[in-house]
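I have placed the structure first, in the form of structure tokens, so that the comments after it can refer back to it.
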Amino acid sequence: MLLAASLVVGLVLLVTDDDPSGPPCNGHAELCSRSYDEVAFAATHNSMSAAAERGWFFPDQPDGIVAQLDHGIRVLLVDSWYGQRTDRPGVVATAGSRRSDGIAEANGEFGEIAVRAALRARGASRLAPRGPITPYLCHAMCELGSTPWLQSLEDTRAWLDEHPREVVTMFVQDIVTPEDTAEVFTEAGLLPYVYTPTSRSPDRWPTLGEMIDSGHRLVVLMEEHGGGSAYPWLLQGFDRVQDTPYLFASAADFTCTANRGPADASIFLVNHWIDAKTRPAAHALEVNARDVLLPRLQECEAERGRLPNYVAVDYYNRGDLLDVVDELNGF
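Printed below as a string of structure tokens:
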């Protein structure tokens, strides 16, 4: 009996989170014992801006957030804005005090002529806003494309319910206040999922296995305004994240130069897309190819001394993003 008990104990000790036959974390059992900041994740830039979603001009992705999650994307870079329904069905007007900022951002990014043409095509040049102002996912101007944030978050919660061994991250470029962000996450039923750092070790990231076992497997980062003590799960993004520049006219212009965030930030975001609104899918096919993407990530890891944790691209389905991220993780 003693021998049998010893064998059982030995077998239990041998079955660790590194056991490739064990339950997976983000698709691989070997990732379960790695801390969050030791893992590379596939990310999408402007995740909400999708060609397959009705009403989006100048899309950066082929399809919506749930489809991206289904295909293996685990970090969603989204923009939150205030919007208001209008007298034109399906068209949302940018609302709130930052409306003028959105117009200026859209004109600067897409060009005034393109913006005016898009607004005319939508019949959005003269809109009569109606109803309450609520949070939307928009890119600069909600008139050029919008997704109700509550609906998107409810869809994300349903996806998390169906995929209990996946850790997901949202990095929000936030116009919506922390208070209103917390309200929409609460209404969507996501609070049981959100990750909150412990007070004893606020800078230590748990392992993926620990996050999955606890159920707190949704990381929420805010570019501008974290939640402070009121909403400690709304993490101040660029306190914890450092990144690269994100305005590149061609693949030849890619650099790994430090951009936002402190040099000792534990998470490294590599922005890897071409800033051109003509033929974005074709550009993505070029720069997401393994022979372009992997060497750049290796260069950035060597130059910055950190594993690229968030690998953010446009048109994630073009090229080799998921295979390259697997390679970064050792698979």
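Our numbering puts the last residue of the sequence shown at 372; the count rises by one with no breaks. Think of the CB as a built atom: it goes at the ideal place given N, C-alpha and C, for glycine as much as any other residue. Since the structure is predicted, the reported quantities are computational estimates derived from the model, not experimental observations.
- For Ala-83, the pairing in a beta bridge is given by DSSP as Val-352.
- In the DSSP assignment, the residues bridged to Thr-210 are Val-116, Val-260.
- Counting C-beta pairs with one atom in each stretch, the region 66-73 and the region 244-262 have three or more that are closer than 8 Å, which means they touch.
- A direct Cα-Cα distance of roughly 46 Å separates Ala-181 from Ser-62.
- Measuring C-alpha to C-alpha distances from Tyr-77 to each of Glu-265, Trp-246, Gly-267 identifies Trp-246 as the nearest.
- The DSSP assignment places complete beta strand (DSSP E) segments of no fewer than 3 residues inside the region 118-206 at 133-135, 170-179, 187-189, in order along the chain.
- Rounded to the nearest whole angstrom, the C-alpha separation of Leu-310 and Ala-145 is 26 Å.
- Proximity of the region 121-139 to the region 208-216 meets the contact definition, three or more beta-carbon pairs being nearer than 8 Å.
- Boundaries of the alpha helix (DSSP H) harbouring Ile-253: 249-255, taken from the DSSP string.
- The C-alpha of Glu-344 is placed about 20 Å away from the C-alpha of Asp-280.
- When rounded, the separation of the alpha-carbon atoms in Thr-222 and Thr-197 is 15 Å.
- Within the DSSP secondary-structure output, Val-107 pairs in no beta bridge.
- Nearest to Ala-81 by alpha-carbon distance, out of Asp-104, Ala-199, Val-208, is Val-208.
- With at least 16 other beta carbons inside 10 angstroms of its own, Glu-184 counts as buried.
- Annotated as distal: Pro-103 and Asn-312, with beta-carbon spacing of 8 Å or more.
- Looking from the CA of Pro-273, the closest CA among Val-260, Asp-305, Asp-361 belongs to Val-260.
- In the DSSP assignment, Leu-310 falls within the beta strand (DSSP E) that extends over 308-312.
- DSSP places Leu-363 inside the alpha helix (DSSP H), whose first and last residues are 362-369.
- Leu-231 carries a coil assignment under DSSP once its states are collapsed to helix, strand and coil.
- Distance from the CA of Glu-220 to the CA of Met-263, rounded to the nearest whole angstrom, comes to 12 Å.
- The beta carbon of Arg-347 sits closer than 7 Å to the beta carbons of Phe-309 from its chain, once the five residues preceding and following it are set aside; these are given in chain order.
- Take the alpha-carbon of Ala-93 and the one of His-112: they are about 15 Å apart.
- If you check the CB distance, Leu-117 and Thr-188 do not come in under 8 Å.
- By the Cβ test, the region 319-334 is not in contact with the region 298-308, since fewer than three Cβ pairs between them sit closer than 8 Å.
- By the beta-carbon neighbour count (other beta carbons within 10 angstroms, threshold 16), Gln-109 is buried.
- Within the same chain, Cβ atoms closer than 8 Å to the Cβ of Gly-137 are found at Trp-122, Tyr-123, Ile-174, Ile-216, the five residues on either side in sequence being excluded.
- If you ignore the 5 residues before and after Leu-369, its C-beta comes within less than 6 Å of the C-beta of Ala-81, all in its own chain and listed in chain order.
- For Val-333, there is no enclosing beta strand (DSSP E); the enclosing alpha helix (DSSP H) covers residues 331-345.
- Rounded to the nearest angstrom, the gap between the Cα atoms of Asp-361 and Asn-329 is 6 Å.
- Annotation: the continuous beta strand (DSSP E) that includes Val-282 extends over 282-284.
- Looking at the DSSP output, His-69 bridges to Cys-66.
- Listed as beta-bridge partners of Asp-215 by DSSP are Ser-121.
- Ala-292 and Arg-171 have their C-alpha atoms some 44 Å from each other.
- Only buried fits Gln-283, as 16 or more other CB atoms lie within 10 angstroms of its CB.
- A straight line joining the alpha-carbon of Asp-294 with that of Arg-337 spans about 11 Å.
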